[in-house]
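S.K.:
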DNA sequence: AAGTGGTCTAGACCACGCA
DNA sequence: GCGTGGTCTAGACCACTTG
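Residue numbers (UniProt numbering), protein chains in the order written: chain A, 1 to 236; chain B, 1 to 236.
(1) Mind checking who residue 208 (chain B) pairs with in its DSSP beta bridge?
(2) Taking the alpha-carbon of residue 94 (chain B) as reference, which of B:59, B:206, B:157, B:30 has the nearest alpha-carbon?
(3) Does DSSP put residue 95 (chain B) in a helix, a strand or coil?
(4) Taking the C-alpha atoms as reference points, what is the distance between residue 29 (chain B) and residue 65 (chain B)?
(5) Residues in the same chain with beta-carbon distance under 7 Å from residue 194 (chain A), minus the five sequence neighbours each way, listed in chain order, please.
(6) Apart from the five residues on each side of it in sequence, which residues of its chain come closer than 6 Å, Cβ to Cβ, to residue 69 (chain A)?
(7) Counting C-beta neighbours from all protein chains within 10 Å, is the total for residue 6 (chain B) 16 or more, i.e. buried, or is it exposed?
(8) Taking residue 198 (chain A) as the query, report the chain B residues whose CB atoms sit under 9 Å from its CB, ordered along the chain.
(9) Determine the extent of the beta strand (DSSP E) in which residue 45 (chain B) is found, giving its start and end residues.
(10) Checking contacts by CB at 8 Å: is residue 241 (chain A) closer than that to chain B?
(11) Once the 5 residues before and after residue 40 (chain A) are set aside, which same chain residues still bring their CB inside 8 Å of it?
(12) Closer than 8 Å is the cut-off here; do at least three beta carbon pairs connect the region 151-167 of chain B with the region 125-135 of chain B?
(13) Which partner residues does residue 66 (chain A) have in the DSSP bridge list?
(14) DSSP state of residue 9 (chain A), grouped into three classes?
(15) Quick one: which chain A residues come within Cβ less than 9 Å of residue 162 (chain B)?
(16) May I ask you to report which of helix, strand or coil DSSP gives residue 239 (chain A)?
(17) In chain B, which residues lie less than 8 Å from residue 228 (chain A) when you measure between Cβ atoms?
(18) Do the CB positions of residue 181 (chain A) and residue 201 (chain A) come within less than 8 Å of each other?
(19) Using the C-alpha atoms, what's the distance from residue 216 (chain A) back to residue 151 (chain A)?
(20) List, in chain order, every chain B residue whose beta-carbon is nearer than 7 Å to that of residue 224 (chain A).
(21) Taking only beta carbons into account, state which residues of the UniProt domain "HTH gntR-type" (2-70) of chain B come closer than 7 Å to chain A, listed in chain order.
(22) Round the Cβ separation of residue 229 (chain B) and residue 179 (chain B) to the nearest angstrom and send it over; I've been treating them as touching at under 8 Å.
(23) List the residues of chain B whose Cβ lies closer than 7 Å to the Cβ of residue 210 (chain A), in chain order.
(24) Can you give the Cα-Cα distance for residue 220 (chain B) and residue 139 (chain B), rounded to whole angstroms?
(25) Could you tell me which residues DSSP puts in a beta bridge with residue 220 (chain A)?
(26) For residue 15 (chain B), collect the residues of the same chain with a Cβ closer than 8 Å to its Cβ; drop the 5 residues on either side in sequence, then sort them by chain order.
(27) Whole angstroms are fine: how far does the CA of residue 208 (chain A) sit from the CA of residue 60 (chain B)?
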């Protein structure tokens, strides 16, 4: 990025994460930062606004910007993170298997979820996530074939997001997420090590691109003992 | 509020919610809005930034700001919403019972959660949430007594947040939330209608004030069939 | 009174989408 | 080429905290 405020944000995040700026101390004042980065206060404030939104600092009028204690979460499904990004934080303990990759004629339910009009085909990707040798997450992804013409097993084993954002140049922008708890289906039993659990945590994700077009519906089904969701929220 | 950009934000939200601005159409351009509200573009942009953060619009460079389809969620535990605010959306179907209200000497676990140093007393509030006549949520709240000297049953039956923000003038600012699934404890069985369910959804909340001080730890225990979490997230 | 963050103005230039 | 949103500047005044 060439954006000054992004650079300043990145640099400050780095300083916080490496402990050069410590939690419960204060950031340099906006005027000091303005001086240091040779820019204007509004630009500094854009960077600080990002820090605040992401939970790194709390701004207090008249006092300054307090650095928060962000213990980096070990398993955040929060926000928009792909399993690949997650897995890299977990080292060699995570693995992905592609169980199915096909174009299908969508059911009525899927048509509604993906807001499809006509008889458009969709990609169905079924993947199982392996944690410490146990199959604990079942991911079912559906894409409009119009938007993603080709998809290979290799891409699905790696990261679909990487393919879409990197290779195809599309920009994933926001998502609506819903978490509920359901009873395991036959499919869950087929693909997962359910053990004795009588519930499955279902995370439904509606993913949108930059231009506000819906392009993916995902159902992520987690064995309850391996499910954890962490979130940071500001009061509106 | 006297802030121009908040007023503009509120007005635009109103227009969207009342359907005067329709989903999948575009907002007037920033220049048009600047003209209409007799202000500068940066101020308009602050208002639009808020709309974007809250999921009302999607900005697309070169095109405009697309209004998103915000079907108002029927049961959002998302963000920071108190049960009282929720209940008002659900009409007469929701009820709260205060099962216990006391000051206690915190356990080691609680001391760690609330980051207490010495032998400070804490409030313990245990409440049961009733939905359609079934006891489905168990809320356990803990406050530092230093920060909240007095607390009454009436306040707890109504809304603790309202009391704290309205009557005491403290400002709740942000929270860290964690969702996991556990086995029901004896306490869950005691207070809730668990039926045959063998899991409980546990939402742990760490709530902070304006000045970045932690002042509340809450454990909200939901019967799985009545649990639903909806979230809107932007990619970072 | 001095220093902090919060808001607002008036203007500039750039990047992108579209006809 | 025009209109859109994205970034940045230079400066002003206000609200709040602290000594």
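No residue lacks a Cβ here, since even glycine has one placed at the ideal position from N, Cα and C.
M.R.: A quick look at the data gives this:
(1) B:174, B:214
(2) B:157
(3) strand
(4) 7 Å
(5) 184, 188, 223
(6) 23
(7) exposed
(8) 196, 197, 198, 199
(9) From DSSP, residue 45 (chain B) is part of no beta strand (DSSP E) but of the alpha helix (DSSP H) over 41-53.
(10) The shown model of chain A, from 1 to 236, leaves out residue 241 (chain A), and the question about it has no answer.
(11) 34
(12) yes
(13) A:26, A:58
(14) helix
(15) Result: empty, since nearest Cβ-Cβ is about 13 Å, beyond 9 Å.
(16) Residue 239 (chain A) lies beyond the residue range present for chain A, which begins at 1 and ends at 236; the question has no answer from this structure.
(17) 178, 179, 180
(18) yes
(19) 14 Å
(20) 181, 199
(21) 54, 58, 60, 66, 68
(22) 7 Å
(23) 60
(24) 4 Å
(25) A:139, A:203
(26) 21
(27) 13 Å
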